[in-house]
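Chains as they are written, first to last, in the working numbering: chain A, 99 to 299; chain B, 99 to 299.
Down below is the structure, laid out as structure tokens.
Number of protein chains: 2
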Amino acid sequence: MADTVPRRPAVPRPGGRTARVRERIMDATVQLVGKHGLAGLRYDELAELAGVHKSSVYRNWPERETLVSEALRRYAAETAVLADTGDLRRDLVEFLVELAACIDSPTGRALQSAAHTGQQTPSVARAVAAVFEQRLAIMRTRVDAAVERGELPPVDVYFFGELLCSPVHLYLSRGVRPFTRAVAEQVTDVVLAGIRETARR
Amino acid sequence: MADTVPRRPAVPRPGGRTARVRERIMDATVQLVGKHGLAGLRYDELAELAGVHKSSVYRNWPERETLVSEALRRYAAETAVLADTGDLRRDLVEFLVELAACIDSPTGRALQSAAHTGQQTPSVARAVAAVFEQRLAIMRTRVDAAVERGELPPVDVYFFGELLCSPVHLYLSRGVRPFTRAVAEQVTDVVLAGIRETARR
């Protein structure tokens with residue numbers, strides 16, 4: 099199988115050769131970032147792992163920042179799904195359970211660690227911020243729908259999202275207790291009850 | 099001024115020479131851990147900074163783990179004060195504001211970072227765990243008093259503490275918004291209301 103992509107990038111066809119090559123490069127990027135941290139990503143190692151020519155990586159992502167940013171966004175889009183079943187409590191619990199699984203995966207742990215450490219260059223910081231913006235937008239859409247339906251009083255989405263998600267991060271980074279579904283339910287119940295109760299005052 | 103400590107450790111007198119030397123060594127340990135991370139702590143650099151002979155450090159703390167652990171506990175005891183004024187909400191807000199200042203200090207940031215990164219050796223992990231245990235014990239004492247006075251329903255102290263403290267960590271690590279007193283009040287109000295409300299169900 100050819101491992102090159104067209105010189106003049108064609109419009110990617112889902113399932114086409116260009117898309118498959120891109121997919122392999124993204125997978126390899128996430129794997130290597132997980133292994134070495136964001137600062138340790140090398141194009142030659144990446145090309146070898148993805149089974150493509152190094153030039154295929156350089157041609158499509160001349161800027162390392164763009165590649166890492168795209169891989170991080172892809173990681174965020176795949177891992178932080180917040181459904182809208184019409185039941186806010188259920189959707190938030192599911193979201194927290196998935197967020198925990200994602201942070202607790204080897205790649206997730208490495209990315210968290212990269213985001214926290216001095217490896218964080220300005221370009222990496224921008225990519226991490228982009229991932230966060232994406233998650234915040236997803237949370238905003240779901241919260242707006244809940245407010246519209248009267249499931250939730252109007253709320254500062256940033257505050258609400260951080261209050262919900264931060265215990266996941268802290269439970270996992272401490273490693274003292276697992277972040278189970280029961281904990282996700284408890285966090286969601288306390289936060290929802292607290293937001294509703296304080297809005298009444 | 100002599101920079102040695104007695105060969106046979108005397109009972110430390112507060113304000114005495116032994117206590118002062120110990121104080122300087124602890125300060126220097128926290129400074130250097132802040133600068134190089136926990137794994138980068140070197141006794142020669144430490145002795146120079148503290149203005150003591152290297153042998154003074156080795157004699158009193160033959161195990162690096164004991165030194166780092168003591169410095170970390172001291173840091174925790176100094177920075178995470180949770181008063182009991184009889185007003186739980188006020189005490190918790192004050193605690194969160196101080197926790198934010200402590201995490202946001204150069205030393206605090208470095209310690210957080212060391213706790214999160216691969217620099218974390220088993221001995222460092224034990225010291226970090228000891229700091230956490232100490233904070234949890236402080237939280238338990240305060241929460242028990244509040245439950246006894248009927249200010250709070252019986253609650254899992256670990257869960258309660260993490261729910262309160264984790265937004266501080268996440269706000270500061272993201273760096274998107276500052277963790278202000280207003281946020282501390284909002285977090286405390288929502289968590290207290292949520293805990294009381296869910297306990298009624």
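Yeah, the Cβ is synthetic: ideal placement off N, Cα and C, and Gly gets one too.
Assigned secondary structure, residue i (DSSP; H/G/I helix, E/B strand, else coil)
{"i": "residue 183 of chain A", "result": "coil"}
{"i": "residue 134 of chain A", "result": "helix"}
{"i": "residue 248 of chain B", "result": "coil"}
{"i": "residue 280 of chain B", "result": "helix"}
{"i": "residue 154 of chain A", "result": "helix"}
{"i": "residue 253 of chain A", "result": "coil"}
{"i": "residue 160 of chain B", "result": "coil"}
{"i": "residue 274 of chain B", "result": "coil"}
{"i": "residue 190 of chain A", "result": "helix"}
{"i": "residue 299 of chain B", "result": "coil"}
{"i": "residue 234 of chain A", "result": "helix"}
{"i": "residue 114 of chain A", "result": "coil"}
{"i": "residue 259 of chain A", "result": "helix"}
{"i": "residue 149 of chain B", "result": "coil"}
{"i": "residue 290 of chain A", "result": "helix"}
{"i": "residue 170 of chain B", "result": "helix"}
{"i": "residue 197 of chain B", "result": "helix"}
{"i": "residue 139 of chain B", "result": "coil"}
{"i": "residue 203 of chain B", "result": "coil"}
Any chain B beta carbon closer than 9 Å to residue i
{"i": "residue 317 of chain A", "result": "Beyond the ends of chain A as shown, which are 99 and 299, falls residue 317 of chain A; an answer cannot be given."}
{"i": "residue 284 of chain A", "result": "yes"}
{"i": "residue 114 of chain A", "result": "no"}
{"i": "residue 132 of chain A", "result": "no"}
Cutoff 9 Å: residue i Cβ touching any chain A Cβ
{"i": "residue 193 of chain B", "result": "no"}
{"i": "residue 236 of chain B", "result": "no"}
{"i": "residue 202 of chain B", "result": "no"}
{"i": "residue 275 of chain B", "result": "yes"}
{"i": "residue 174 of chain B", "result": "no"}
{"i": "residue 198 of chain B", "result": "no"}
{"i": "residue 227 of chain B", "result": "yes"}
Assumed close pair residue i, residue j - CB separation to whole angstroms, cut-off 8 Å
{"i": "residue 286 of chain A", "j": "residue 194 of chain A", "result": "7 Å"}
{"i": "residue 155 of chain A", "j": "residue 141 of chain A", "result": "5 Å"}
{"i": "residue 241 of chain B", "j": "residue 255 of chain B", "result": "5 Å"}
{"i": "residue 169 of chain A", "j": "residue 127 of chain A", "result": "4 Å"}
{"i": "residue 122 of chain A", "j": "residue 150 of chain A", "result": "7 Å"}
{"i": "residue 289 of chain A", "j": "residue 274 of chain B", "result": "Residue 289 of chain A to residue 274 of chain B, Cβ: 19 Å. No contact."}
{"i": "residue 186 of chain B", "j": "residue 249 of chain B", "result": "5 Å"}
{"i": "residue 162 of chain A", "j": "residue 139 of chain A", "result": "7 Å"}
{"i": "residue 291 of chain B", "j": "residue 259 of chain A", "result": "Not confirmed; about 18 Å, so no contact."}
{"i": "residue 201 of chain B", "j": "residue 130 of chain B", "result": "Contact flag wrong, Cβ pair sits at about 19 Å."}
{"i": "residue 277 of chain A", "j": "residue 284 of chain B", "result": "Wrong, their Cβ atoms sit about 23 Å apart, outside the cutoff."}
Review point. Using a Cβ cut-off of 8 Å, which residues of the segment 255-271 of chain B contact any Cβ in chain A, in chain order?
Key: 256, 257, 260, 261, 263, 264, 265, 267, 268, 269, 271
Point to revise | Interface positions of the segment 285-297 of chain B facing chain A (Cβ-Cβ less than 7 Å), listed along the chain | key: 285, 287, 288, 289, 291, 292, 293, 295, 296
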